Amino acid sequence: MFYEIRRYQSHPGRRDEWVRYMEDVVIPFQQSKGMTVTASFIDEQDADGYVWIRRFENEAEREALYAAVYDSQEWKNDVGPPVYEMLIAEKSVVTRAVPTPASSLR
1 MFYEIRRYQS HPGRRDEWVR YMEDVVIPFQ QSKGMTVTAS FIDEQDADGY VWIRRFENEA
61 EREALYAAVY DSQEWKNDVG PPVYEMLIAE KSVVTRAVPT PASSLR
């Protein structure tokens with residue numbers, strides 16, 4: 001099992017709008033496709049920072065879920081376009097993390 005820790009930067013002043021869109025649209029849509037979203041955070045020290053975490057059992061599951069979400073017409077036509085308008089894409093950082101043996105996230 002592993003996690004994706006995804007850090008995004010919204011355009012200045014748009015984080016509240018971004019969080020609403022994530023919580024009302026993006027996360028429910030991805031969960032409807034089978035994605036496991038384990039956490040969603042705002043950055044307390046960065047007015048435009050946002051972090052969320054997704055969990056995958058293995059690489060095969062990640063690939064299948066990515067295809068189910070990002071190759072879908074609903075993502076391409078409806079859900080995805082506002083994402084690209086609210087975020088600064090080149091500031092996105094994705095970290096894959098594997099819990100250590102003593103982690104409660106195993």
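Under UniProt numbering, the first residue of the sequence shown carries the number 1, and numbering increases by one thereafter. C-beta atoms are modelled at their ideal positions from N, C-alpha and C, and glycine is treated no differently. None of these values were measured; they are calculated from a predicted model.
Checklist entry - With burial defined as no fewer than 16 other Cβ atoms inside 10 Å of the residue's Cβ, what is the status of ARG15: buried or exposed? => result Counted from its first residue, the sequence shown places residue 15 at position 15. Buried, by the Cβ-count rule.
Next on the checklist: Tell me which residue opens and which closes the alpha helix (DSSP H) that ARG15 is part of.
Outcome noted: Taking the sequence shown and counting its residues from 1, the one referred to as residue 15 is at position 15. In this chain, the alpha helix (DSSP H) harbouring ARG15 covers 15 to 21.
Checklist entry - Span of the beta strand (DSSP E) holding ILE42? => result On the sequence shown, position 42 is the one that residue 42 refers to. Per DSSP, the continuous beta strand (DSSP E) segment holding ILE42 begins and ends at 36 to 42.
Checklist entry - What residue range is occupied by the uninterrupted alpha helix (DSSP H) comprising ALA89? => result Stepping through the sequence shown from its first residue, residue 89 is reached at position 89. Here ALA89 belongs to no alpha helix (DSSP H), and DSSP marks it neither H nor E.
Next on the checklist: So if DSSP puts residue 184 in a beta bridge, which residue, or which two residues, is it bridged to?
Outcome noted: Because residue 184 is not part of the residues shown, which for the chain are 1 to 106, the question remains open.
Item to check | MET86 vs TYR21 beta-carbon contact at 8 Å | outcome: Reading the sequence shown from its first residue, position 86 is the one you call residue 86. Reading the sequence shown from its first residue, position 21 is the one you call residue 21. Against a cut-off of 8 Å, the Cβ pair of TYR21 and MET86 comes out as a contact.
Item to check | Rounded distance between the beta-carbons of ALA68 and LYS33, thought under 8 Å | outcome: Working through the sequence shown from its first residue, we reach residue 33 at position 33. Working through the sequence shown from its first residue, we reach residue 68 at position 68. Their Cβ separation, rounded to whole angstroms, is 4 Å, which keeps LYS33 and ALA68 in contact under 8 Å.
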